[in-house]
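**Q** Numbering (this note's numbering), first residue to last: 3 to 241. Idealized CB from N, CA, C, for every residue including glycine. Dropping a structure here in structure tokens format, bear with me for questions.
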Ligand code: HEM
């Protein structure tokens with residue numbers, strides 16, 4: 003009897019709103035680290051085909067011979083998949099919980115005459131929920147395009163550099179990436195701030211301003227950094 007009570011309590015602690023918020027924050031920050039590294043790696047496109055293809059090859063050789071070929075890459079993939087899974091699970095659970103708690107009304111936060119539904123709430127819910135869905139759809143499209151070579155706008159090839167250049171010579175491919183990266187930017191602008199606040203960093207007015215600045219900086223660096231290669235290729239500066 004006593005064991006059952008403890009088990010139930012432990013379970014409810016793991017599913018508590020605080021734990022879910024912290025899980026969402028940490029998993030989100032793991033993805034941000036991946037994005038910063040991925041964005042930086044993509045800039046190798048400016049060093050030419052040999053450098054970019056070598057970089058892609060190196061990603062697979064990392065950790066050899068201690069790990070098998072592509073071992074480190076697989077560890078990164080598993081960590082990313084788990085982080086994304088936890089992030090989406092926490093987001094959906096918290097969203098459902100808030101809907102039930104406020105009977106779908108959102109609790110009337112940030113309401114004003116100008117924004118009767120709450121401006122902050124609708125901005126956040128739009129960028130986080132719709133932005134999140136756009137990003138998930140984009141990642142599937144992106145993997146089909148640049149990782150698996152299943153869809154190959156501009157022509158299929160074994161060279162990662164040529165896959166990138168062939169794709170971004172086409173305006174609608176650049177447009178689709180631009181839309182997705184704007185969604186990523188808005189998601190990060192709100193998400194980085196919310197994650198740091200969930201982890202207890204929002205301790206004063208001054209700290210709040212700093213966190214907002216940091217969130218904006220991360221969002222701008224990631225978005226612009228990712229968009230540099232597609233636009234440079236589209237305008238013929240690379241390739
Ligand atoms: C213009 C922007 C981007 C470019 C040019 C780009 C380029 C690439 C390339 C070339 C690969 C294949 C790497 C390889 O197999 O050697 C790749 C993989 C990947 N990209 Fe991107 N990427 C961009 C944006 C993004 C964004 C915004 C995300 C996430 C939201 C993302 C997530 C991934 C993931 C998850 C992989 C798979 C890594 C793996 O498992 O091999 N990428 N990207």
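Given a cut-off of 8 Å, decide if residue 133 and residue 185 are closer than it, judged by their beta-carbon atoms.
**A** One-based indexing of the chain shown puts residue 185 at position 183. One-based indexing of the chain shown puts residue 133 at position 131. Result yes, Cβ atoms of residue 185 and residue 133 sit closer than 8 Å.
**Q** Provide the residue span of the alpha helix (DSSP H) that contains residue 94, from first to last.
**A** The residue labelled residue 94 in the question sits at position 92 within the chain shown. Segment 73-103, the alpha helix (DSSP H) holding residue 94.
**Q** Using a threshold of 7 Å, is the CB atom of residue 40 nearer than that to any non-hydrogen atom of ligand 1?
**A** Position 38 of the chain shown, counted from the start, is the residue given in the question as residue 40. Checking every heavy atom of ligand 1 against the Cβ of residue 40, one is found closer than 7 Å.
**Q** One question on the structure: do residue 24 and residue 178 come within less than 8 Å of each other, judged by their Cβ atoms?
**A** Along the chain shown, read from residue 1 onward, the residue named residue 24 stands at position 22. Along the chain shown, read from residue 1 onward, the residue named residue 178 stands at position 176. For residue 24 and residue 178, no; Cβs fall outside 8 Å.
**Q** From what residue to what residue does the alpha helix (DSSP H) around residue 41 run?
**A** On the chain shown, position 39 is the one that residue 41 refers to. Where residue 41 is concerned, the enclosing alpha helix (DSSP H) stretches over 19-44.
**Q** Would the beta-carbon of residue 163 fall within 8 Å of that of residue 55?
**A** Sequence index remark: in the chain shown, residue 163 carries index 161 (1-based). Sequence index remark: in the chain shown, residue 55 carries index 53 (1-based). A contact, by the Cβ cut-off of 8 Å.
**Q** Mind reading off the beta-carbon distance from residue 146 to residue 153? Whole number of angstroms is fine, and I expect it under 8 Å.
**A** Within the chain shown, the letter at position 144 stands for residue 146. Within the chain shown, the letter at position 151 stands for residue 153. Indeed they touch by this definition, with Cβ atoms about 5 Å apart.
**Q** Would you be able to state if there are at least three C-beta pairs under 8 Å between the stretch 64-74 and the stretch 12-29?
**A** No: the two stretches stay apart, fewer than three of their Cβ pairs being nearer than 8 Å.
**Q** Between residue 143 and ligand 1, is the CB less than 7 Å from at least one heavy atom?
**A** As a working mapping, residue 143 is identified with position 141 in the chain shown. Because no heavy atom of ligand 1 lies under 7 Å away, the Cβ of residue 143 does not count as near it: no.
**Q** Could you tell me if the beta carbon of residue 208 falls within a distance shorter than 7 Å of some heavy atom in ligand 1?
**A** As a working note, residue 208 is residue 206 in the chain shown. No, since every heavy atom of ligand 1 falls outside the 7 Å radius drawn around the Cβ of residue 208.
**Q** Within 10 Å of its beta-carbon, does residue 92 have 16 or more other beta-carbons around it, so buried, or fewer, so exposed?
**A** If you number the chain shown from 1, residue 92 lands on position 90. Classification for residue 92: buried.
**Q** Does the Cβ-Cβ distance between residue 240 and residue 47 come in under 8 Å?
**A** What you label residue 240 is simply residue 238 of the chain shown in a count that begins at 1. What you label residue 47 is simply residue 45 of the chain shown in a count that begins at 1. Contact flag set, yes.
**Q** For residue 58 and residue 229, I'd like the C-alpha separation in whole angstroms.
**A** Position 56 of the chain shown, counted from the first residue, corresponds to residue 58. Position 227 of the chain shown, counted from the first residue, corresponds to residue 229. Cα to Cα, residue 58 sits roughly 19 Å from residue 229.
**Q** Using a Cβ-Cβ distance under 8 Å, would residue 227 count as near chain B?
**A** The question asks about chain B, but that chain is absent: this structure has only one protein chain.
**Q** If you draw a straight line from the C-alpha of residue 197 to the C-alpha of residue 155, how long is it?
**A** Looking up residue 197 in the chain shown gives position 195. Looking up residue 155 in the chain shown gives position 153. Near 36 Å, if we compare the C-alpha coordinates of residue 155 and residue 197.
**Q** If residue 26 and residue 89 are in contact, beta carbons under 8 Å, what's the gap, nearest whole angstrom?
**A** Looking up residue 26 in the chain shown gives position 24. Looking up residue 89 in the chain shown gives position 87. At roughly 6 Å, the Cβ-Cβ gap stays under 8 Å, so residue 26 and residue 89 are in contact.
**Q** For residue 161, which of 31, 172, 171 and 148 has the nearest alpha-carbon?
**A** Mapped onto the chain shown, residue 161 falls at position 159. Considering only alpha carbons, the answer is 148.
**Q** Quick one: give me the first and last residue of the alpha helix (DSSP H) that residue 144 is part of.
**A** On the chain shown, position 142 is the one that residue 144 refers to. It spans 133-144 - the alpha helix (DSSP H) in which residue 144 sits, taken as one unbroken run.
**Q** The alpha helix (DSSP H) spanning residue 235 covers which residue range?
**A** Taking the first residue of the chain shown as 1, we reach residue 235 at position 233. That run of the alpha helix (DSSP H) goes 207-236.
**Q** For residue 99 and residue 49, I'd like the C-alpha separation in whole angstroms.
**A** Position 97 of the chain shown, counted from the start, is the residue given in the question as residue 99. Position 47 of the chain shown, counted from the start, is the residue given in the question as residue 49. If I take the Cα positions, the gap works out to 49 Å.
**Q** Is residue 37 close to ligand 1? I mean its beta-carbon at under 7 Å from any heavy atom of the ligand.
**A** Here the question's residue 37 lines up with position 35 in the chain shown. Result yes, Cβ under 7 Å from ligand 1.
**Q** Just verifying my parser: in three-state terms, what is the DSSP assignment at residue 130?
**A** As a working note, residue 130 is residue 128 in the chain shown. Helix at residue 130.
**Q** What's the C-alpha gap between residue 205 and residue 63?
**A** Here residue 205 corresponds to residue number 203 of the chain shown, with the count starting at 1. Here residue 63 corresponds to residue number 61 of the chain shown, with the count starting at 1. Roughly 44 Å separates the two Cα atoms.
**Q** Looking only at its own chain, which residues have a Cβ that is under 7 Å from the Cβ of residue 182, when we skip the five neighbours before and after it?
**A** The residue you call residue 182 lines up with position 180 of the chain shown. The residues are 136, 137 and 140.
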